[in-house]
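A.B. asks:
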């Protein structure tokens, strides 16, 4: 159809948990996805795009050592797709959704300027904590780029505050929490046996940023002070810190089990065998394992430096929260989890599943549609800036 709405999504790659959400956007017209790489290095997922129309761009990828201002580091991939603007100019989408502040979004901004009838939405998956320590130059770059976009999508409140701090109007910021399909976990029983009710489970990469080493040190301290309690910690994942995690001395009543990398389709059995999810991240713009664990009926013992914890976990109702860089805070949260009454723990499991139901792929697609409807109904970003002024609060 000649008047069919054309929407392009530009992103690094497609993790399997985002596919159902994006498939719900098919009805909006013609929806195409351009990725920088079929799958990033270090990921265990196999590229699988379902019914989506996906193309892979020509891209220069550089491995970069990212160092957070709190001292920990992580190896990340920086992608520079250099065919973005050519593809956009050829297809001429009316709406472009571009992930993050990088090279692809800069090209999308140029396309927006060349074709002023188009609209640009920035999909910024970040939080105030993950972005700490950026240079003033990069901050100025981001402020300049934000002046070219018509709207932005963020994970939650922290992302909204961050963009407003760069001068973006609150009315142009839309919330899109991670909304994976968790149906494989919701069929699991919420009840747990006495042996697994307080079994701790970690799922994720074994890298410094995830905070497992400092968490394990505090957990060991708790076990030292409670020698009559046997504590189990299952660790599902792989990464360079596995050897360190295996070698670090722990008390006799703390039992570790390394499950290695677990295929996504087999995660439900792992969640079913555990009682509490551990998410001690030092910096994460979300944490999909939190969605999965809640859906499986696991309360979350989680770090406030993970946005999924801030958005999904309510203290004492669906889990327990802590500051991972404060040993006292970690210890107290562990103590609350390990001494929680059985009947209270069972109620938390039911509440956890109900919380996970709120963030379905259908809900996520609705959030994106709201942003698209907003930019399609606006007068255009240039006029908005001229009328309201950059940085003006609504």
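Residue numbers (the numbering used here): 1491 to 1884. C-beta: ideal position from N, C-alpha, C; glycine also.
At the level of alpha carbons, what is the spacing between residue 1578 and residue 1572?
C.D. replies: Looking up residue 1578 in the chain shown gives position 88. Looking up residue 1572 in the chain shown gives position 82. One C-alpha to the other measures close to 12 Å.
A.B. asks: List the DSSP bridge partners of residue 1502.
C.D. replies: Stepping through the chain shown from its first residue, residue 1502 is reached at position 12. DSSP, once it has assigned bridges, lists no residue as partnering residue 1502.
A.B. asks: Can you give me the start and stop residues for the alpha helix (DSSP H) that residue 1863 sits inside?
C.D. replies: Along the chain shown, one-based indexing puts residue 1863 at 373. It spans 1851-1867 - the alpha helix (DSSP H) in which residue 1863 sits, taken as one unbroken run.
A.B. asks: What separation, rounded to the nearest whole angstrom, lies between the Cα atoms of residue 1882 and residue 1541?
C.D. replies: Mapped onto the chain shown, residue 1882 falls at position 392. Mapped onto the chain shown, residue 1541 falls at position 51. Bear in mind that a pLDDT of 30 at residue 1882, under 50, signals an unreliable position, so the number given afterwards is only what the model happens to contain. About 41 Å.
A.B. asks: Whose C-beta lies closer than 6 Å to the C-beta of residue 1543 among residues of the same chain, with five residues either side of it excluded?
C.D. replies: Working through the chain shown from its first residue, we reach residue 1543 at position 53. The residues are 1522.
A.B. asks: Note down the Cα distance separating residue 1789 from residue 1812, rounded to an integer number of angstroms.
C.D. replies: As a first step, residue 1789 is located in the chain shown; it is residue number 299 there, counting from the start. As a first step, residue 1812 is located in the chain shown; it is residue number 322 there, counting from the start. Approximately 14 Å between the Cα atoms of the pair.
A.B. asks: Assuming contact is defined by CB atoms lying nearer than 8 Å, are residue 1828 and residue 1688 in contact in what I supplied?
C.D. replies: The sequence position of residue 1828 within the chain shown is 338, counting from 1. The sequence position of residue 1688 within the chain shown is 198, counting from 1. Contact: yes.
A.B. asks: So what does DSSP say about residue 1743, is it helix, strand or coil?
C.D. replies: Position 253 of the chain shown, counting from 1, holds the residue named residue 1743. Note: residue 1743 maps to coil in three-state DSSP.
A.B. asks: Are the beta-carbon atoms of residue 1780 and residue 1763 separated by less than 8 Å?
C.D. replies: As a first step, residue 1780 is located in the chain shown; it is residue number 290 there, counting from the start. As a first step, residue 1763 is located in the chain shown; it is residue number 273 there, counting from the start. No; because the gap between Cβ atoms is not below 8 Å, this pair is not in contact.
A.B. asks: Taking only three categories from DSSP, how would you classify residue 1692?
C.D. replies: The sequence position of residue 1692 within the chain shown is 202, counting from 1. Three-state result, residue 1692: strand.
A.B. asks: In terms of residue numbering, what span does the alpha helix (DSSP H) encompassing residue 1778 cover?
C.D. replies: For this step, residue 1778 is matched to residue 288 along the chain shown. 1778-1785 is the span of the alpha helix (DSSP H), which, as asked, contains residue 1778.
A.B. asks: At which residue ranges does the stretch 1559-1584 contain complete beta strand (DSSP E) runs of 3 or more residues, listed in the order of the chain?
C.D. replies: Whole beta strand (DSSP E) segments, 3+ residues: 1563-1571.
A.B. asks: Indicate the three-state DSSP secondary structure (helix, strand or coil) for residue 1518 in the structure shown.
C.D. replies: Here residue 1518 is taken as the residue at index 28 of the chain shown, counted from 1. Helix at residue 1518.
A.B. asks: Quick one: is residue 1503 buried, meaning 16 or more other Cβ sit within 10 Å of its Cβ, or exposed?
C.D. replies: Numbered from 1 along the chain shown, position 13 holds the residue referred to as residue 1503. So residue 1503 ends up on the buried side.
A.B. asks: Whose CA, out of 1806, 1843, 1520, lies closest to the CA of residue 1582?
C.D. replies: As a working note, residue 1582 is residue 92 in the chain shown. That would be 1520, whose Cα lies nearest to the Cα of residue 1582.
A.B. asks: Would you kindly check if the distance between the Cβ of residue 1615 and the Cβ of residue 1775 is under 8 Å?
C.D. replies: Counting from 1 along the chain shown, the entry for residue 1775 is found at position 285. Counting from 1 along the chain shown, the entry for residue 1615 is found at position 125. The answer is yes: Cβ separation under 8 Å.
A.B. asks: For residue 1728, I'd like the list of residues in its chain whose CB is within less than 7 Å of its CB, leaving aside the five on either flank, ordered along the chain.
C.D. replies: Translated into positions along the chain shown, residue 1728 becomes position 238. These residues qualify, in order along the chain: 1696, 1750, 1751.
A.B. asks: Relative to the C-alpha of residue 1894, which residue among 1784, 1710, 1703 is closest?
C.D. replies: Outside the displayed range of the chain (1491 to 1884) lies residue 1894, so it cannot be described from this structure.
A.B. asks: Buried or exposed for residue 1809, going by 16 or more other Cβ atoms inside 10 Å?
C.D. replies: Position 319 of the chain shown, counted from the first residue, corresponds to residue 1809. Counting Cβ neighbours within 10 Å, residue 1809 comes out buried, since at least 16 surround it.
A.B. asks: Contact defined as beta carbons within less than 8 Å: I believe residue 1613 pairs with residue 1643. What is the distance between those atoms, to the nearest angstrom?
C.D. replies: For the purposes of this step, residue 1613 is identified with residue 123 of the chain shown, where counting begins at 1. For the purposes of this step, residue 1643 is identified with residue 153 of the chain shown, where counting begins at 1. With 8 Å as the limit, residue 1613 and residue 1643 qualify as a contact, their Cβ atoms being about 5 Å apart.
A.B. asks: Is the CB-CB distance between residue 1527 and residue 1558 below 8 Å?
C.D. replies: Along the chain shown, read from residue 1 onward, the residue named residue 1527 stands at position 37. Along the chain shown, read from residue 1 onward, the residue named residue 1558 stands at position 68. The answer is no: Cβ separation not under 8 Å.
A.B. asks: Looking at the structure shown, is residue 1726 part of a helix, part of a strand, or coil, going by DSSP?
C.D. replies: On the chain shown, position 236 is the one that residue 1726 refers to. Here residue 1726 sits in strand by DSSP.
A.B. asks: Within this structure, are the beta carbons of residue 1699 and residue 1638 separated by less than 8 Å?
C.D. replies: Within the chain shown, the letter at position 209 stands for residue 1699. Within the chain shown, the letter at position 148 stands for residue 1638. No.
A.B. asks: If you follow the beta strand (DSSP E) that residue 1641 is part of, which residue opens it and which one closes it?
C.D. replies: The sequence position of residue 1641 within the chain shown is 151, counting from 1. It spans 1641-1644 - the beta strand (DSSP E) in which residue 1641 sits, taken as one unbroken run.
A.B. asks: From the DSSP secondary-structure annotation, give me the bridge partner or partners of residue 1713.
C.D. replies: For the purposes of this step, residue 1713 is taken as residue 223 along the chain shown, with counting starting at 1. The partner list for residue 1713 (beta bridge, DSSP) is empty, contrary to what the question assumes.
A.B. asks: Classify residue 1825 as helix, strand or coil using the three-state DSSP reduction.
C.D. replies: Translated into the one-based positions of the chain shown, residue 1825 becomes position 335. Note: residue 1825 maps to helix in three-state DSSP.
A.B. asks: Evaluate contact between the stretch 1591-1600 and the stretch 1509-1520, counting only Cβ atoms and requiring at least three cross-stretch pairs below 8 Å.
C.D. replies: Touching, no, given that fewer than three Cβ pairs across the two stretches are closer than 8 Å.
A.B. asks: The beta strand (DSSP E) that contains residue 1663, what's its start and end?
C.D. replies: In the chain shown, counting from the first residue as 1, residue 1663 sits at position 173. Its beta strand (DSSP E) spans residues 1663-1665.
A.B. asks: Based on the DSSP secondary-structure assignment, which residues constitute the bridge partners of residue 1671?
C.D. replies: Counting from 1 along the chain shown, the entry for residue 1671 is found at position 181. Paired residues: none, contrary to the question.
A.B. asks: Can you give the Cα-Cα distance for residue 1820 and residue 1801, rounded to whole angstroms?
C.D. replies: Within the chain shown, residue 1820 is the residue found at index 330, counting from 1. Within the chain shown, residue 1801 is the residue found at index 311, counting from 1. Using only the alpha carbons, I get a separation of about 19 Å.
A.B. asks: With DSSP collapsed to three states, give me the class of residue 1734.
C.D. replies: Start at 1 with the first residue of the chain shown, and residue 1734 comes out as number 244. Three-state result, residue 1734: helix.
A.B. asks: Considering only residues of the same chain and omitting the five flanking positions on each side of residue 1866, which have a CB-CB separation below 6 Å?
C.D. replies: For this step, residue 1866 is matched to residue 376 along the chain shown. Here the set comprises nothing.
A.B. asks: Suppose contacts are defined by Cβ-Cβ distances below 8 Å. Is residue 1747 in contact with residue 1740 by that definition?
C.D. replies: Walking along the chain shown from the start, residue 1747 turns up at place 257. Walking along the chain shown from the start, residue 1740 turns up at place 250. Their beta carbons are not under 8 Å apart, which means residue 1747 does not touch residue 1740 by this criterion.
A.B. asks: State the DSSP-derived secondary structure class of residue 1594, mapped to helix, strand or coil.
C.D. replies: Position 104 of the chain shown holds residue 1594. It is helical.
A.B. asks: Can you give the Cα-Cα distance for residue 1551 and residue 1773, rounded to whole angstroms?
C.D. replies: Along the chain shown, read from residue 1 onward, the residue named residue 1551 stands at position 61. Along the chain shown, read from residue 1 onward, the residue named residue 1773 stands at position 283. So the two alpha carbons sit approximately 23 Å from each other.
A.B. asks: Bridge partners for residue 1805 per DSSP, in chain order?
C.D. replies: Counting from 1 along the chain shown, the entry for residue 1805 is found at position 315. Per DSSP, 1809.
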